[in-house]
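Numbering (the working numbering), first residue to last: 1 to 471.
Structure first, commentary second.
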């Protein structure tokens with residue numbers, strides 16, 4: 001009888017493994033890769049990743065597998081035919097995407113995988129995908145070694161992530177991590193210098209993404225728009241009248257675009273978030289004896305949902321309720337990494353202007369300190385993004401300014417422009433003899449408007465640039 005039971009258990013396990021394999025997909029992507037240092041140029045890249053079939057005849061994968069795509073094909077495990085696919089929804093914030101296949105016969109006979117719960121520490125997981133080193137399906141095994149907030153490489157934003165010790169390599173991206181027959185995470189990145197340290201987008205984040213797009217729009221993950229300081233110093237806690245039983249973080253600043261802007265003051269102490277105690281090191285207990293960033297309870301909310309904060313102000317406890325209505329991109333002066341768009345630029349008399357973006361900063365090995373400082377600031381109502389003089393295309397009309405590069409433009413004829421589009425409109429519509437650009441140090445660049453308009457077509461031709469602007 002025991003032998004019969006073992007044989008039955010083994011056959012069930014083999015059947016389950018076989019059903020999972022049928023749901024694993026190899027994804028082939030051709031992408032147009034922008035060049036933020038030379039914004040009118042791009043290159044073509046071909047790569048592959050992995051994915052899995054889930055409910056609704058959809059393929060779940062990473063955003064970075066299909067970012068900047070121009071053409072996508074998918075192939076099922078055990079088959080050779082490729083099918084054309086396209087992105088249905090994508091969240092670059094949390095590195096997730098849903099694909100749909102134009103020919104739905106692709107899904108015939110496939111049982112979709114279910115999304116499971118957040119796994120426990122040391123829970124066994126199996127990673128399915130098509131990593132480098134071969135063409136066949138690869139399955140590696142490991143355990144959950146850590147669950148906490150981690151910076152996602154694709155967006156550079158910080159969200160909950162699962163660390164596992166299963167072998168992960170390029171090509172595994174987008175593939176599922178399976179435990180008890182369900183998806184507990186999506187493979188997203190590894191630490192190259194380490195041995196078997198890989199990261200998954202947790203099933204909690206996947207479920208949030210799927211619920212978000214139910215209305216046909218991907219709104220993203222909310223952001224509080226608050227800068228905080230840990231309160232582990234006993235002296236600092238005394239200064240702000242915190243009792244021994246109280247713990248939390250201090251408000252340093254609030255974004256003008258945040259719904260908390262009129263609710264919080266500098267020096268307020270955030271004590272609780274949605275009823276959960278915030279520790280002095282800015283963490284919350286989300287599982288018994290497991291702690292992660294207090295924004296965990298923000299990440300669980302959808303845009304438009306309410307959240308409640310308990311704060312301490314001048315020794316008095318108060319409750320603050322708000323509606324979460326903004327993402328990090330709504331609040332930051334330098335937005336998060338861009339994807340699926342070409343860089344914006346404007347060429348005027350050989351002067352090349354572009355918005356200040358994290359993509360631009362990432363394209364240089366080192367950047368001026370001023371640009372790095374700007375990347376940590378909040379956007380303001382009157383100034384939503386920065387404008388940079390990227391470089392000067394040399395011409396006799398702009399002689400003397402050829403050395404300017406990555407130079408921040410603070411005003412145009414003493415006007416502060418709200419964003420890049422307003423800057424371009426201001427320059428193009430200037431009817432005076434000169435355009436005077438200034439930075440915050442008072443350094444000026446003078447451009448003669450009539451001459452700049454006359455030489456721009458010639459400079460574009462000389463440097464083989466088709467368009468003077470891309471907005």
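Note that CB positions come from ideal geometry on N, CA and C, so glycine has one too.
- For residue 457, the enclosing alpha helix (DSSP H) starts and ends at 449–462.
- Residue 243 counts as exposed, since fewer than 16 other C-beta atoms from the protein chains shown sit within 10 angstroms of its C-beta.
- Remark: C-beta atoms of residue 304 and residue 255 do not approach each other more closely than 9 Å.
- With respect to the C-alpha of residue 432, the residue from 425, 441, 450 having the closest C-alpha is 450.
- Judged by beta-carbon spacing, residue 294 lies within the 9 Å limit of residue 278, meaning their Cβ atoms are closer than that value.
- Residue 393 is positioned such that its CB atom lies no closer than 9 Å to that of residue 407.
- DSSP, read as helix, strand or coil, puts residue 98 in strand.
- The secondary-structure analysis by DSSP pairs residue 288 with nothing; it has no beta-bridge partner.
- Close CB contacts of residue 205 within its chain, under the 8 Å cut and outside five residues either way in sequence, are with 94, 96, 159, 160, 299 (chain order).
- Taken in chain order, the unbroken stretches of alpha helix (DSSP H) that lie wholly in the stretch 18–88 and span 4 residues or more are 63–66.
- Here residue 347 is buried: its Cβ has 16 or more other Cβ atoms, across all protein chains shown, within 10 Å.
- Between residue 223 and residue 154, the CB-CB gap reaches or exceeds 9 Å.
- For residue 469, the closest of 372, 368, 353 by C-alpha to C-alpha distance is 353.
- The residues 231, in chain order, have a CB closer than 7 Å to that of residue 237 in the same chain once the five nearest residues on each side in sequence are set aside.
- Inclusion of residue 66 and residue 99 in the CB contact set at 9 Å is warranted, their separation being smaller than that value.
- By the C-beta criterion, the stretch 417–425 is judged not to be in contact with the stretch 439–453, since fewer than 3 inter-stretch pairs fall below 8 Å.
- When only Cα atoms are considered, residue 25 and residue 109 end up about 14 Å apart.
- Of the candidates 91, 400, 413, 85, the residue whose Cα lies closest to the Cα of residue 152 is 91.
- Beta-bridge partners of residue 270 (DSSP): 249, 311.
- Sequence-distant partners of residue 28 (beyond 5 residues in either direction) whose C-beta falls short of 6 Å from its own C-beta, in its chain, are 48, 73.
- Taking 8 Å as the upper bound for CB-CB distance, residue 264 and residue 316 are not in contact here, some 14 Å apart.
- For residue 341, the closest alpha carbon among the candidates 56, 20, 70, 50 is that of 70.
- Annotated three-state conformation of residue 214 is helix, per DSSP.
- Taking the CA atoms as reference points, residue 43 sits about 7 Å from residue 34.
- Straight across, the Cα-Cα distance linking residue 195 with residue 142 is about 13 Å.
- By the beta-carbon neighbour count (other beta carbons within 10 angstroms, threshold 16), residue 103 is exposed.
- Judged by beta-carbon spacing, residue 241 lies beyond the 9 Å limit of residue 252, meaning their Cβ atoms are not closer than that value.
- Membership of residue 120 in any alpha helix (DSSP H) is not indicated, and neither H nor E is assigned to it by DSSP.
- Membership of residue 353 in the beta strand (DSSP E) is indicated by the continuous run 351–355.
- In terms of CA proximity to residue 149, 285 leads the group 260, 285, 38, 246.
- The C-beta distance from residue 144 to residue 120 rounds to 7 Å, short enough to fall under 8 Å.
- Per DSSP, reduced to three states, the secondary structure at residue 362 is helical.
- When the beta-carbon positions are compared, residue 437 and residue 405 stay at least 9 Å from each other.
- Contact between residue 190 and residue 199 holds: their C-beta atoms lie close to 7 Å from each other, under 8 Å.
- Between the alpha carbons of residue 138 and residue 147 lies a gap of roughly 24 Å.
- The closest CA to that of residue 365, considering only 351, 37, 32, is found on 37.
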